[in-house]
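Using the numbering used here, the first residue of the sequence shown is number 23, and each one after it goes up by one.
Have a look at the structure below before the remarks.
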Amino acid sequence: MKTYNLRAVLSDKCNYSCVFCSHDFNRSVNLDIAPDFLKECVKVFASLGGKKVTYTGGEPLIYPALYEIMRLAKSLGLKNSITTNGSMISRQTEEFYGLADALNISIPSFEPEIYKKLTGSKIPLEIIKENALKASEHGLKVKINTVYTRQNEKMINMMIDFFSPHGIVIKLMNDMIAGEDYYIEFLKFAEKFRCDSRVEIESGKNPGLEICRSCKIPHPTGCPSCRSIWVYPDKRITLCPFDNTGYDDIFSQISKLMKS
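Spelled out as C-alpha cells, the structure:
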C-alpha cells in the first residue's frame, strides 16, 4: 500500500525572502490556516488510512499552532514531517524532537555569500548547518533539499561530503519551471549519484509550466506525482492529479470540510 501524504500549507509568512520561493503556490496573503479546520482535516485523514502530514509554507516553524497540530497527528498515529529553511530549529523546545519525525531543510547554496544573496537572510549558513546536525543527533530523519544548477555542481558535492557522515541525505532537485534542455543537463549530472545512498534524485519534471500542484496539468509527463492532498489557509483543497489511486476517498471526505 502506498503511503498517503497530507500536505498542509500553514501560511505564506516567512523570515526569509528567497528569490526562488513559490510559497507552495499558496495564494493566501498573510493568512494562517485555521487550527480547527486543519485539525478536522488531520482527523479525517487519519481515520481513512493516512500515514504522514507534511507541514510547509512559508516557514512552518513560525506557525503558532504547529505543536498543537503535531500533537494531534502524533496521537492519531501519523508521522510529522516539516519542510523548513532550518533557521529556527535551535529555538524549538525538547518536545519538538519528540513530535517531529522528519525535517526537509532547504539549502540553496553551500557558499555563505551566495546563500545570503539567494535567501535574503542575515542568518549565517553555519547556523543552518549546525541546526541540521542537531536535529539529526536528536534522531530526526533529516534531508537537505537543494536545486541543481550548473553553478552549484561543486557545492552539491561539498554538501554530500559534509552531511553524509551524519546520516543526512541530500535531495537533488530540479528547477520545476526550467525547460527541456535544463532537465537533460540535470539528469546527466544526477546520473553519477544514481546508486549513491547519500543522494535522493527528484526525477519528475515540469518544463516550462508555471504551476505543478494546481490539478490543472494538461498531461502527466509534465508533473512529478507527489501523491498528496494539499490543504491551504483559504481552505482550498487540491489532489495530486496523478498516481492518486487509493486515496481519492480521503480527498472527497476532507473536501466536504471546505463546504461546511
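C-beta: ideal position from N, C-alpha, C; glycine also.
Cβ neighbours of residue i in the same chain (closer than 6 Å, five flanking residues each side left out)
| i | result |
| --- | --- |
| Lys165 | Asn126, Val191 and Lys193 |
| Leu98 | Ala68 |
| Lys35 | Gly80 and Ile84 |
| Lys163 | Ala124 |
Assigned exposure category for residue i - 16 Cβ within 10 Å defines buried
| i | result |
| --- | --- |
| Ile206 | exposed |
| Pro134 | exposed |
| Gly161 | exposed |
| Met181 | buried |
| Ser219 | exposed |
Cβ pair residue i, residue j closer than 9 Å
| i | j | result |
| --- | --- | --- |
| Ser128 | Gly108 | yes |
| Ile111 | Leu147 | no |
| Ser39 | Gly79 | no |
| Ile251 | Leu28 | yes |
| Gln102 | Lys73 | Here residue 102 is Asn; the residue named in the question, Gln, does not match the sequence. No. Outside cutoff. |
| Tyr204 | Ala157 | no |
| Glu121 | Lys96 | The sequence as given places Leu at residue 121; Glu does not occur at that position. Yes, these two residues count as a Cβ contact at 9 Å. |
| Ala212 | Phe185 | no |
| Ala56 | Pro255 | yes |
Top-ranked residue by Cα proximity to residue i, from the options
| i | options | result |
| --- | --- | --- |
| Phe67 | Arg216, Asp123 and Leu100 | Leu100 |
| Ser274 | Asn196, Cys63, Lys96 and Thr106 | Cys63 |
| Ile104 | Cys217, Glu81 and Thr115 | Glu81 |
| Thr115 | Thr141, Leu88 and Ile136 | Leu88 |
| Thr168 | Tyr137, Ser143, Arg216 and Arg113 | Tyr137 |
| Val253 | Val221, Lys176, Thr76 and Asp218 | Thr76 |
| Ile178 | Ile149, Phe208 and Ile276 | Phe208 |
| Leu94 | Thr106, Gly71, Leu70 and Asp58 | Asp58 |
DSSP three-state assignment for residue i, whether helix, strand or coil
| i | result |
| --- | --- |
| Leu28 | strand |
| Asn174 | helix |
| Ala157 | helix |
| Tyr89 | helix |
| Ser109 | coil |
| Leu100 | coil |
| Leu125 | strand |
| Tyr38 | coil |
| Ile276 | helix |
| Leu167 | The identity of residue 167 in the sequence shown is Asn, whereas the question assumes Leu. Three-state result, Asn167: strand. |
| Thr115 | coil |
| Ser33 | coil |
| Ile136 | helix |
| Leu147 | helix |
| Leu194 | strand |
| Leu261 | strand |
| Ser186 | helix |
| Ser69 | helix |
Cut-off 8 Å between Cβ atoms - residues of its own chain near residue i, not counting five sequence neighbours on either side
| i | result |
| --- | --- |
| Leu140 | Cys40, Val41, Phe42, Pro130 and Ser131 |
| Thr171 | Asp197 |
| Glu117 | Tyr89 |
| Glu152 | Ser112 |
Own chain partners of residue i with C-beta closer than 7 Å, once the 5 adjacent residues on each side are dropped
| i | result |
| --- | --- |
| Phe215 | Leu194, Val221 and Ile223 |
| Gly142 | Tyr38, Ser39 and Cys40 |
| Asn174 | Ser131 |
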